[in-house]
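Novice:
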Amino acid sequence: MDFGTKRNIINNLVKRNCIVTVYPSFTSADEIIKTSPDGIMLSNGPGDPSECVDIIKEIKKLYDYGIPTFAICLGHQLMALANGGETERMKYGHRGANHPVKFLNEDRTYLSSQNHGYMVNGKGLPDNAEINCINVNDKTVEGIVYHGKPVFTVQFHPEANAGPRDTAFLFDRFLKMAAEGRYDD
-18 MDFGTKRNII
-8 NNLVKRNCIV
2 TVYPSFTSAD
12 EIIKTSPDGI
22 MLSNGPGDPS
32 ECVDIIKEIK
42 KLYDYGIPTF
52 AICLGHQLMA
62 LANGGETERM
72 KYGHRGANHP
82 VKFLNEDRTY
92 LSSQNHGYMV
102 NGKGLPDNAE
112 INCINVNDKT
122 VEGIVYHGKP
132 VFTVQFHPEA
142 NAGPRDTAFL
152 FDRFLKMAAE
162 GRYDD
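So the sequence shown is residues -18 to 166, counted in this note's numbering.
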């Protein structure tokens, strides 16, 4: 779903031989489901995620249906809200290409590119939601895996290739998940 998709997100999928259909942000879950997609990408975009009430309802329907989903930035925030999580405005937003993100299950840190002024604060998330990435600088939530569903989300931009150990591998993880219908880290 396109909330302000960066072209490089689409490019990363196309170079991995994906057939990409871009749906406007106001597209209903039913309209997407009837096309039987192998996976859904919830894109980045601007603004306060809590104002996207109708979109959040549609994302919850997609989540409940169980289509493999990878959400980035605003998409990450919307998925959290769709599942009872909370977001809040940050005192100082994350801007730039030098934000260290620690992948907790891998005990590795990657540089990331970020551009957001809102964050998932970790409150209200369902029991199956595991915070699997944090910002090294301020300990804010940078990634969530929804166990029991083929869904994972990140707050940063994996398509931006911010450092020598960039996070573009997350696109490969998404495609594997879409092929198998489950999340493996």
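Where a beta carbon is used, it is the ideal one built from N, C-alpha and C, also for glycine.
1. With C-beta atoms as the reference, is E67 less than 8 Å away from K104?
2. Looking at the structure shown, is L106 part of a helix, part of a strand, or coil, going by DSSP?
3. What do you get for H128, buried or exposed, if any count of 16 or more other CB atoms within 10 angstroms of its CB means buried?
4. Apply the 10 Å Cβ neighbour rule to S24 and answer buried if 16 or more other Cβ atoms are within range, or exposed otherwise.
5. Would you call F150 buried or exposed, if buried means 16 or more other Cβ atoms sit within 10 Å of its Cβ?
6. Quick check: what's the CA-CA separation for N(-8) versus F51?
7. Beta carbon of K(-13), beta carbon of E161: below 8 Å?
8. Can you tell me whether P131 is buried or exposed, with buried defined as 16 or more other CB within 10 angstroms of its CB?
9. Using 8 Å as the threshold, is the C-beta distance between V101 and V135 below it?
10. Between which residues of its own chain and P5 is the CB-CB distance below 7 Å, once the five residues before and five after are set aside?
11. Any chance you could list the beta strand (DSSP E) runs of at least 3 consecutive residues sitting entirely within the segment 22 to 69, in chain order?
12. With C-beta atoms as the reference, is V117 less than 8 Å away from K72?
13. Report the rounded CA-to-CA distance for A138 versus L85, giving the unit in angstroms.
14. What separation, rounded to the nearest whole angstrom, lies between the Cα atoms of D108 and H80?
Specialist: Taking the structure as given:
1. Yes.
2. coil
3. exposed
4. Burial is judged here by how many other beta carbons sit within 10 angstroms of a residue's own beta carbon; S24 has at least 16 and is buried.
5. By the neighbour-count rule (16 or more Cβ atoms within 10 Å), F150 is not buried but exposed.
6. Their Cα atoms are separated by approximately 15 Å.
7. no
8. Under this definition P131 is a buried residue.
9. no
10. D(-17)
11. Qualifying beta strand (DSSP E) stretches, in chain order: 50 to 53.
12. no
13. This sequence places His at residue 138; Ala is not what is there. Spanning the two alpha carbons is a distance of roughly 18 Å.
14. 28 Å
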